[in-house]
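Residue numbers (my numbering): 8 to 486. Below you'll find the structure, written out as structure tokens, and then a few comments.
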Ligand code: GLN
């Protein structure tokens with residue numbers, strides 16, 4: 008077995024026991040990247056030299072010598088951070104995102120910054136100013152998005168883990184498309200400090216890895232209170248310690264009644280059945296909850312809020328403070344126009360325009376304010392559901408990853424495919440995207456959702472699912 012094939016836990020153990028060195032792990036991962044990157048195109052910026060200099064630091068943290076990559080909307084001090092947009096130019100942030108700072112201090116080695124949909128808007132990783140990323144399981148297909156580069160890097164064996172962000176599904180959907188595990192933590196569990204904002208009330212940083220145990224290790228490092236993020240808080244202490252002694256006996260796992268009427272492609276439908284059987288065999292009780300407002304209004308509510316928040320968050324890219332600028336404009340208006348016309352891609356522009364309309368004073372009550380009220384109803388509906396059940400089991404997407412270029416040109420249809428992921432962000436819940444097996448060599452993922460702050464229990468249930476459904480293999484990376 009090559010070192011790049013080892014998961015995070017195995018690497019930390021092997022390094023501790025000095026079975027191999029950090030330099031050997033780095034070489035193995037670097038060779039894997041060199042071999043497959045022409046097929047996959049996961050990177051925006053490679054940082055091999057920074058990684059090498061990190062190898063010389065004397066670090067005895069739990070991730071000492073473990074290579075990783077970060078979605079390129081996570082700020083890295085002195086290292087170009089683009090959010091996959093031209094508007095940030097060659098901007099080098101003056102500080103590290105807290106989640107990265109925590110990992111760096113624990114010894115993780117940065118191999119680079121990876122591709123995403125521009126400003127995290129999209130679900131294919133094709134809305135990037137740096138070109139599309141390919142799915143390492145089948146390079147003719149999308150890896151999902153927006154954190155497609157992070158999921159692809161972990162699935163191809165570039166690195167044992169990566170960080171991404173999830174505003175409406177951007178960790179869970181690419182994790183499922185690429186065949187890795189991805190956790191969208193409870194809103195407030197991981198600091199958002201240093202995450203380039205898209206929809207601030209929805210955004211959350213989270214990990215990708217090839218086993219649930221690895222996600223537990225990562226959450227124990229990044230799931231920390233941070234005074235730099237006022238929405239980062241704690242209701243209780245969270246213990247992500249791994250144990251094999253876990254059980255779902257007597258736990259109620261619910262399906263959503265209203266979702267039963269929606270069609271699923273056969274592999275997803277079969278995975279739902281398989282997973283229910285596993286849970287039942289382990290002593291769980293499969294029940295049903297009703298989420299009528301979610302089923303009917305969550306997509307519209309999410310996009311109204313996400314676009315409204317995005318239009319405010321993206322106001323700051325004006326060519327004055329940071330990033331791309333023009334020097335020869337005749338006035339401030341011309342400068343703004345030229346900077347923003349060139350700097351933003353079309354999806355981002357259309358969302359800024361929609362967000363401007365939705366929050367414009369004469370329409371604000373009717374759209375933005377109405378959406379905030381629907382959001383409250385959605386959160387209440389989930390709270391009721393979690394009074395009746397411990398977890399909700401549902402798809403991540405209704406289909407397997409589409410071919411690159413075959414993605415529906417009708418944007419609204421693309422938005423609708425987020426139905427199973429975005430309600431989780433509206434209610435601030437944790438959602439786990441887990442592997443269930445392969446269908447014609449394509450991984451099939453599903454999602455388990457818990458109540459707020461149930462992240463640790465969610466991962467414990469994930470341990471049982473992984474035990475029965477199997478651990479994903481490293482994808483062939485187009486080789
Ligand atoms: N596809 C959704 C959107 O475009 C979610 C993206 C995300 O989670 N960042 O808004």
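Ideal Cβ placement from N, Cα and C applies to all residues, glycine included. Remember, it's a predicted structure, so these values are computed and weren't measured experimentally.
Return yes when the C-beta of residue 194 is under 8 Å from any heavy atom of ligand 1, and no when it is not. no
Provide the residue(s) that pair with residue 145 in DSSP beta bridges, ordered along the chain. Bridge pairing for residue 145: 142 [DSSP].
For residue 223, I'd like the list of residues in its chain whose CB is within less than 6 Å of its CB, leaving aside the five on either flank, ordered along the chain. 247, 249, 466
Boundaries (first-last residue) of the beta strand (DSSP E) holding residue 373: That residue, residue 373, is in no beta strand (DSSP E); it is neither H nor E in DSSP.
Local conformation of residue 5 per DSSP, three classes: Lying outside 8 to 486, the shown extent of the chain, residue 5 is not represented and no answer is given.
Hey, residue 2 and residue 300 are a contact pair by Cβ (cut 8 Å); roughly how many whole angstroms apart? Since the first residue shown for the chain is 8 and the last is 486, residue 2 is missing from the structure and cannot be characterised.
Could you check if residue 125 is buried or exposed, using at least 16 other CB atoms within 10 Å of its CB as the buried criterion? buried
DSSP beta-bridge partners of residue 263: Residue pairing of residue 263 in beta bridges, as defined by DSSP: 296.
Taking residue 443 and residue 453 to be in contact with their CB atoms under 8 Å, please state how far apart those CB atoms are, rounded to whole angstroms. 5 Å
Alpha helix (DSSP H) containing residue 449: first to last residue? Per DSSP, residue 449 belongs to no alpha helix (DSSP H); it is in the beta strand (DSSP E), 449 to 457.
Helix, strand or coil for residue 126 per DSSP? Correct three-state label for residue 126: helix.
Ligand 1 site residues, beta-carbon cut 6 Å against heavy atoms: Residues with a Cβ closer than 6 Å to any heavy atom of ligand 1, in chain order: 127, 128, 129, 130, 153, 173, 174, 175, 176, 177, 205, 313, 425.
Closest to residue 226 by CA distance: which of 192, 211, 62 is it? 192
Taking C-beta to C-beta, are residue 99 and residue 51 nearer than 9 Å? Residue 99 is not a Cβ neighbour of residue 51, given a cutoff of 9 Å.
Terminal residues of the beta strand (DSSP E) in which residue 118 lies: Element bounds for residue 118: 116 to 121.
Closest residue to residue 480 among 420, 148, 97, 162 (Cα-Cα distance): 162
Taking only the alpha-carbon atoms, compute the straight-line gap between residue 446 and residue 134 and give it to the nearest angstrom. 27 Å
For residue 445, which of helix, strand or coil comes out of DSSP? strand
State yes or no: is the C-beta of residue 211 within less than 9 Å of the C-beta of residue 199? yes
Assuming residue 166 and residue 123 are in contact, meaning their beta carbons sit under 8 Å apart, how far apart are those beta carbons, in whole angstroms? No, residue 166 and residue 123 are not in contact; Cβ-Cβ is about 16 Å, not under 8 Å.
Per DSSP, cross-strand counterpart(s) of residue 212: In DSSP, residue 212 forms a bridge with 172.
Taking just the CA atoms, how far does residue 296 sit from residue 393? If you draw a straight line from the Cα of residue 393 to the Cα of residue 296, it comes to about 9 Å.
Taking a contact to mean a Cβ-Cβ separation below 9 Å, would you say residue 331 touches residue 350 in this structure? yes
So residue 313 packs on residue 175, CB below 8 Å; how close in whole Å? 6 Å
Compute the Euclidean distance between the alpha carbons of residue 429 and residue 365, then round it to the nearest angstrom. 19 Å
Going by the DSSP bridge assignment, what does residue 398 pair with across the sheet? 260, 457
For a test of the three-state rule: what should DSSP assign to residue 93, helix, strand or coil? coil
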